[in-house]
Amino acid sequence: MITREQVDHVAHLARLALSDEERERMTSQLNKILEAAGKLQKLDTTDVPPTAFAVPIQNVFRPDEVRESLPRDLVLANAPDPERGFFRVPRIMEEE
Amino acid sequence: MSRYETVIGLEVHAELLTESKLFCGCSTEFGAEPNTHCCPVCLGLPGVLPVLNRKALDYAIKAALALNAEIASYSKFDRKNYFYPDLPKAYQISQYDLPLAKKGWLELKVDGQPRRIGITRIHLEEEAGKSVHSGESIIGSEFSLEDYNRVGIPLIEIVSEPDLRSPAEAHQYLERLKAVLQYAGVSDCKMEEGSLRCDANISLRPVGQAEFGVKVEIKNMNSFRAVLRALEYEVARQTELLDSGTAIVQETRAWDEGRGITVSMRGKEEAHDYRYFPEPDLPPVVIDREWVERLRSELPELPGPRADRFVSQYGLPAYDADLLTSSRRLADWFEAAVQEYHDAKAVSNWVMGDLLRLLKAEEKELDELPLTPGHLGEMLKLIDDGTISGKIAKTVFEEMFHTGKRAADVVKEKGLVQISDEAELARIVETVIAANPKSVADFRGGKEAALGYLVGQVMKETRGRANPGLVNQLLRDRLSRQ
Ligand SMILES: [Zn+2]
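Residue numbers (the numbering used here), protein chains in the order written: chain A, 1 to 96; chain B, 97 to 578.
This is the structure we're talking about:
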């Protein structure tokens with residue numbers, strides 16, 4: 001069971017501000033998802049090695065070659081508030 | 097003796113010397129215009145696919161081998177999730193539970209004895225961007241400016257065991273780690289350009305106690321000296337707290353270079369919940385023995401073994417050998433000079449003395465100099481055959497350092513040939529004796545030091561060109577007569 005506190009924690013980590021109604025809805029939805037995953041937990045996987053990858057490939061590399069980067073106007077095209085070629089963002093508060 | 101034992105572990109990040117980034121083809125060149133080395137992959141735009149740079153992987157393996165670590169046969173990448181404006185994807189591609197290498201070590205010399213510092217793990221990850229504060233003053237600034245050129249440059253993270261027992265050992269560990277990575281040719285380790293960075297964990301415990309004390313993490317140290325100072329400060333701060341019976345708080349503290357203190361970064365450690373999970377876009381890496389051995393065979397002789405060889409092959413003191421091998425370039429220069437001149441200790445003295453002093457004063461690198469090992473060899477031969485004195489050689493060396501002229505030419509041009517002509521020197525000795533009756537009387541009265549003064553006066557008269565041995569002898573002879 002996922003609790004409302006856990007939903008709050010994850011929402012905070014994801015920088016999401018949930019309303020009370022959303023919080024309720026997310027809690028019940030996440031529980032349904034976990035329930036579904038719980039069915040898989042019932043399978044006997046004693047002899048199945050864990051894997052993080054669905055496709056059996058390994059060692060995919062590229063050579064160390066410089067390719068052209070994007071023109072800066074395109075890099076900044078989605079920036080809401082560019083300044084002198086930088087992305088301008090609200091200042092991070094360094095706690096002291 | 098302190099009643100506490102200091103326990104330090106270091107976490108070092110070193111940028112790898114590749115041309116392109118870890119997962120895309122953007123250039124890693126330092127100092128470009130902001131946001132000109134960015135592409136959809138390193139900006140974290142949707143729908144892109146990162147592909148691992150083979151050379152970065154080779155370099156990371158080489159670094160691990162140079163640090164005596166065990167290379168994993170199977171390794172994978174993970175996403176480390178957190179929000180920070182210098183991280184456009186809101187996750188960093190790093191390695192969590194299956195790092196590239198584990199269980200290495202680096203050897204230090206403590207009180208002349210070798211001491212191995214354990215290395216827990218070495219893994220590959222990508223750099224974050226650089227934040228610049230906007231506005232006139234940092235205090236008043238409401239915004240940060242983000243430059244993503246650095247995002248995605250390959251890094252290795254090297255985590256040591258808590259084996260270091262003093263700030264000085266931590267400093268030495270960094271010096272030696274830097275030397276090893278430079279020798280291996282995988283990182284330039286320029287702390288001032290941020291290509292080498294270091295965080296520290298430090299705790300104190302009563303001498304004899306087995307379990308560790310409460311540890312404090314220190315960040316924001318921008319030079320080796322800053323690491324030393326920050327750790328020394330922290331030893332003093334924690335000692336004072338423990339002495340007064342106050343508990344140490346487990347926290348992260350930032351080094352404030354200007355004030356020379358560490359300050360608490362409270363709140364930062366709350367929820368270090370990175371929710372690591374395997375990076376689905378990067379297939380795992382499988383490394384076989386053959387690959388590892390090929391990379392091992394490409395490593396040069398490393399600083400530790402090279403220093404040992406300098407002692408056994410050239411008969412140098414351990415101090416000289418350590419200093420000369422602290423950089424590969426310096427060690428190469430020394431060995432080239434020894435090819436030109438038979439006395440390794442004499443070469444070592446000049447390299448450690450005048451050469452390093454001038455390099456430091458002029459803020460130059462060895463490979464920028466017109467001076468070659470051959471220059472030094474020729475000059476030393478001129479001292480041996482009596483053409484110049486050891487003192488004049490300093491002038492000659494400095495001139496060669498700046499101009500690249502050969503020693504013999506400098507001596508000729510500047511009229512620096514040593515005066516070994518007895519008659520000429522005897523004349524000058526007479527003048528000096530006549531002009532300094534007090535020193536003469538002192539010497540005859542038994543004050544040996546007075547002789548040194550008189551020798552100095554002869555040197556002054558000849559602008560340092562007099563053969564010092566001969567001057568000594570002439571003065572003694574002359575003064576023993578009445
Ligand atoms: Zn890129």
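Positions of the beta carbon are idealized from the N, C-alpha and C atoms, including for glycine. All values reported here derive from a predicted model rather than from experimental measurement.
Spatially closest choice to residue i from the options, by CA coordinates
{"i": "glutamate 347 (chain B)", "options": "B:Lys315, B:Ile167, B:Pro376", "result": "B:Lys315"}
{"i": "valine 251 (chain B)", "options": "B:Lys151, B:Gln514, B:Val345, B:Arg333", "result": "Going by the sequence as given, residue 251 (chain B) is leucine instead of valine. Checked all of B:Lys151, B:Gln514, B:Val345, B:Arg333; the closest Cα to leucine 251 (chain B) is B:Lys151."}
{"i": "isoleucine 218 (chain B)", "options": "B:Phe239, B:Met555, B:Lys172", "result": "B:Lys172"}
{"i": "aspartate 416 (chain B)", "options": "B:Trp446, B:His438, B:Val381", "result": "B:Trp446"}
{"i": "lysine 226 (chain B)", "options": "B:Pro181, B:Gly200, B:Leu270, B:Asp573", "result": "B:Pro181"}
{"i": "glutamate 336 (chain B)", "options": "B:Arg99, B:Leu575, B:Ser576, B:Arg577", "result": "B:Arg99"}
{"i": "asparagine 297 (chain B)", "options": "B:Ser319, B:Glu330, B:Gln268, B:Gln278", "result": "B:Glu330"}
{"i": "asparagine 318 (chain B)", "options": "B:Gln305, B:Glu288, B:Pro302, B:Thr342", "result": "B:Glu288"}
{"i": "cysteine 120 (chain B)", "options": "A:His9, A:Glu22, A:Arg67, A:Pro49", "result": "A:Arg67"}
{"i": "glutamate 431 (chain B)", "options": "B:Gly473, B:Pro466, B:Val525", "result": "B:Gly473"}
{"i": "arginine 15 (chain A)", "options": "B:Leu139, B:Pro142, B:Cys134, B:Ala186", "result": "B:Ala186"}
{"i": "alanine 36 (chain A)", "options": "A:Met1, A:Ala52, A:Val89", "result": "A:Met1"}
{"i": "proline 63 (chain A)", "options": "B:Leu118, B:Cys138, B:Arg453", "result": "B:Leu118"}
Same chain, Cβ closer than 7 Å to residue i, five either side skipped, listed in chain order
{"i": "alanine 280 (chain B)", "result": "Lys158, Ala159, Ala162, Leu395"}
{"i": "valine 528 (chain B)", "result": "Leu550, Gln553, Val554, Glu557"}
{"i": "glutamine 188 (chain B)", "result": "Lys176, Glu221, Glu222, Ala224"}
{"i": "glycine 354 (chain B)", "result": "none"}
{"i": "alanine 322 (chain B)", "result": "Trp351, Glu353"}
{"i": "tyrosine 410 (chain B)", "result": "Val434, Ala440"}
Beta-carbon proximity list for residue i, same chain, < 8 Å, skipping 5 on both sides
{"i": "aspartate 154 (chain B)", "result": "Leu391"}
{"i": "leucine 76 (chain A)", "result": "Pro82, Gly85, Phe87"}
{"i": "asparagine 563 (chain B)", "result": "Gly482, Ser485, Gln514, Ile515, Ser516, Leu521"}
{"i": "methionine 361 (chain B)", "result": "Lys315, Glu347, Thr348, Arg349, Ala350"}
{"i": "glycine 208 (chain B)", "result": "Ala414"}
{"i": "isoleucine 167 (chain B)", "result": "Ile157, Ala160, Leu161, Leu196, Ala197, Ile383, Val388"}
{"i": "phenylalanine 539 (chain B)", "result": "Ala546, Leu547, Leu550, Leu575"}
{"i": "aspartate 418 (chain B)", "result": "Lys205, Ala403"}
Proximity test, Cβ basis, 8 Å: residue i and chain B
{"i": "proline 90 (chain A)", "result": "yes"}
{"i": "leucine 76 (chain A)", "result": "yes"}
{"i": "leucine 40 (chain A)", "result": "no"}
{"i": "glutamate 96 (chain A)", "result": "Any reading at glutamate 96 (chain A) must be qualified, since the residue scores a pLDDT of 36, below 50, and its modelled position is unreliable; no value is offered."}
{"i": "glycine 85 (chain A)", "result": "yes"}
Residue-level contact to chain A via CB, residue i, 8 Å cutoff
{"i": "aspartate 295 (chain B)", "result": "no"}
{"i": "lysine 151 (chain B)", "result": "yes"}
{"i": "threonine 491 (chain B)", "result": "no"}
{"i": "cysteine 285 (chain B)", "result": "no"}
{"i": "serine 169 (chain B)", "result": "no"}
{"i": "alanine 110 (chain B)", "result": "no"}
{"i": "serine 116 (chain B)", "result": "yes"}
{"i": "glutamate 397 (chain B)", "result": "no"}
{"i": "leucine 391 (chain B)", "result": "no"}
{"i": "serine 233 (chain B)", "result": "Residue confidence for serine 233 (chain B) is low, a pLDDT of 49 falling below 50, so the modelled location carries little weight; the figure read from the coordinates is stated next. No, its Cβ sits nowhere closer than 8 Å to a Cβ of chain A."}
{"i": "lysine 172 (chain B)", "result": "yes"}
{"i": "glutamate 238 (chain B)", "result": "yes"}
{"i": "proline 413 (chain B)", "result": "no"}
{"i": "phenylalanine 179 (chain B)", "result": "yes"}
{"i": "serine 190 (chain B)", "result": "no"}
{"i": "valine 382 (chain B)", "result": "yes"}
{"i": "aspartate 369 (chain B)", "result": "yes"}
{"i": "leucine 148 (chain B)", "result": "yes"}
{"i": "glycine 354 (chain B)", "result": "no"}
{"i": "proline 374 (chain B)", "result": "yes"}
{"i": "glycine 127 (chain B)", "result": "no"}
Residues of its chain near residue i, where Cβ-Cβ distance is below 6 Å and the 5 sequence neighbours each way are ignored
{"i": "proline 263 (chain B)", "result": "Leu324, Leu327, Glu328"}
{"i": "leucine 18 (chain A)", "result": "Ala11"}
{"i": "serine 233 (chain B)", "result": "Confidence at serine 233 (chain B) is low in this model, with a pLDDT of 49, below 50, so its placement is unreliable and the value that follows should be read with caution. Answer for serine 233 (chain B): no residue qualifies."}
{"i": "glycine 200 (chain B)", "result": "Leu163, Asn164, Ala165, Ile215"}
Inset, instruction - Scan the region 45-71 of chain A for residues whose Cβ lies nearer than 7 Å to a Cβ of chain B and list them as they occur along the chain. - result: Ala52, Phe53, Ile57, Gln58, Asn59, Val60, Phe61, Arg62, Pro63, Asp64, Glu65, Val66, Arg67, Ser69, Leu70
Legend entry - Three or more C-beta pairs below 8 Å linking the region 440-454 of chain B and the region 471-481 of chain B: yes
Legend entry - Interfacial residues, the region 6-37 of chain A to chain B, with Cβ spacing under 7 Å: Leu13, Arg15
Inset, instruction - Could you please tell me which residues of the region 130-143 of chain B, in chain order, have their CB closer than 9 Å to any CB of chain A? - result: Pro130, Asn131, Thr132, His133, Cys134, Cys135, Pro136, Cys138, Leu139, Leu141
Inset, instruction - Could you list the residues in the region 194-228 of chain B with a C-beta less than 8 Å from some C-beta on chain A, going in chain order? - result: Ser227, Val228
Inset, instruction - Tell me, please, whether the region 107-122 of chain B touches the region 283-298 of chain B by the rule of three or more beta-carbon pairs shorter than 8 Å. - result: yes
Legend entry - Residues within the region 240-252 of chain B neighbouring chain A, beta-carbon criterion of under 8 Å: Ser240, Leu241, Glu242, Asp243, Tyr244
Inset, instruction - May I ask you to verify whether the region 549-556 of chain B touches the region 526-540 of chain B, counting CB pairs closer than 8 Å and requiring at least 3? - result: yes
Inset, instruction - Mind the definition here: the region 124-141 of chain B touches the region 241-261 of chain B only if three or more C-beta pairs lie below 8 Å; say whether that holds. - result: yes
Inset, instruction - Say whether the region 379-393 of chain B touches the region 138-146 of chain B, bearing in mind that this needs 3 or more beta-carbon pairs closer than 8 Å, one atom from each stretch. - result: no
Legend entry - Any 3 or more C-beta pairs closer than 8 Å across the region 52-64 of chain A and the region 100-107 of chain B: no
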